[in-house]
Amino acid sequence: MSVPAAYLTVILIWSTTPLAIKWSVGGPGFLTGVSGRMVIGLALCLLLVKLLGIAMPWRREQRKIYLLGGFSIYGAMMSVYWGAQFLPSGLTSVVYGLSPIIMGIMASWWLPDSRLSLNHLLGAGLGFSGLAVIFADDLHVGSGAVLGILAVLFSTLIHCWSSVWIKRLNAGLHPLALTTGALLLAVPLFLLTWALSSERFSMDIPPTMLASMLYLGVFGTVVGWALYYYLLAKITAATASLVTLVTPVMALIIGDVLNGEVITPHILAGTAVILSGLAVHQWGGTLLEALRRAGARSY
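Here the numbering used here is used: the sequence shown runs in plain steps of one and ends on residue 300.
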């Protein structure tokens, strides 16, 4: 698949994933939703690896990648599913929209060819200011959404950290092999957590929850992650994460239309500031350089 096609597919999947997560945390509980998704995803991955004859090397370098991917999937997904209980689905996507900024900061620490410039710092300031606007609204009304935002923010940090280190290690794995290896390590952790919790398996799963689990298992896990890892191998980590420049707006609209979620003025304002920060982070340097050249020509 071409890079633009993979990029567009990831945008579509990630725009619908927050609402699917929201729908899959009802019924028995969020652990059932996330564990079911991961089991479905792993089963499909193993089938595809077998059918397509994809190699699954287990040398030291590859084991590092699988281990990193597995723990990041477990930590990030547990956090975002728990937080989704308290948040509108669109707001989950908005918080995840900080990924390029956070990833850019982390990349400047750990990737040799990455560095922070003035526009990156300005973009980061705007991005976190937008998050503060959203926080202020929830703090004012005393909403439990503050805990949800913190959980999703923690999930975002784990996701960005693992993406940068997968890019740094660059073991040359097939994206589907990477996804499968990571899930082989993550799924037992999900099942163990579910078994130790107070949640119990129930056949009385709402149809919407079951459909969401299937969708997330197939598209959100296998297709989405495999294509994302494919993009990481082809483009920079920060550029790959720019799908989050589009997905917050789409997710807010989808949540409003399909789930009747209220978009408050603070959420709209905070989202606008975050997206402005992302734009400055990515393209501010080009704009500043163009202005500098225009000023130089005027003299």
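Even for Gly, the Cβ is constructed at its ideal location relative to N, Cα and C.
For F155, the three-state DSSP class (helix, strand or coil): Of the three classes helix, strand and coil, the one that applies to F155 here is helix, per DSSP.
Keeping to the same chain, check which residues put their C-beta closer than 6 angstroms to that of S156; ignore five residues upstream and five downstream. So the list reads A77, S80 and V81, once near-sequence residues are dropped.
Indicate the three-state DSSP secondary structure (helix, strand or coil) for Q63 in the structure shown. Assignment of Q63 by DSSP, reduced to helix, strand and coil, places it in the helix class.
Between which two residues does the alpha helix (DSSP H) carrying L246 extend? Careful: L246 lies outside any alpha helix (DSSP H) and carries neither H nor E.
Inspect the beta-carbon positions of A187 and M57 and report whether they are closer than 8 angstroms. With a cutoff of 8 angstroms on beta-carbon distance, A187 and M57 are scored as not near each other.
Extent of the continuous alpha helix (DSSP H) run through A183: Taken as a continuous stretch (DSSP letters only), the alpha helix (DSSP H) holding A183 covers P176 to L197.
Could you have a look at F202 and say whether DSSP puts it in helix, strand or coil? DSSP places F202 in coil when its eight states are reduced to three.
For R1, which three-state DSSP category applies? Residue 1 lies beyond the range of the chain shown here (2 to 300); nothing can be said about it.
S198: which of P29, P89, T10 and L20 sits nearest, CA to CA? Distance check between S198 and each of P29, P89, T10 and L20 places P29 closest, using alpha-carbon atoms only.
When the Cα of P101 is compared with those of A252, V165, V219 and V250, which residue comes out closest? In terms of Cα proximity to P101, the closest of A252, V165, V219 and V250 is V165.
Does G34 come out as helix, strand or coil in the three-state DSSP assignment? In the structure shown, G34 sits in a helix (DSSP, three-state: H, G or I).
Anticipated Cβ contact below 8 angstroms, V95 with T181, distance rounded: The beta carbons of V95 and T181 sit about 31 angstroms from each other, so the pair does not count as a contact at 8 angstroms.
Are T248 and I74 closer than 8 angstroms when you measure CB to CB? Taking 8 angstroms as the Cβ cut-off, T248 and I74 do not qualify as a contacting pair.
Can you give the Cα-Cα distance for L9 and G218, rounded to whole angstroms? A straight-line Cα-Cα distance of about 19 angstroms links L9 and G218.
Suppose you measure from the CA of G271 to the CA of L132; what does that come to, to the nearest Å? One C-alpha to the other measures close to 6 angstroms.
Going by beta-carbon coordinates alone, are I22 and A108 separated by less than 8 angstroms? No, Cβ-Cβ distance for I22 and A108 is not below 8 angstroms.
Whose C-alpha, out of A273, K235, H175 and I236, is nearest the C-alpha of L1? Within the shown structure, residues of the chain are numbered from 2 to 300, placing residue 1 beyond reach of any answer.
With DSSP run on the structure shown, which of helix, strand or coil describes M79? In the structure shown, the three-state DSSP call for M79 is helix.
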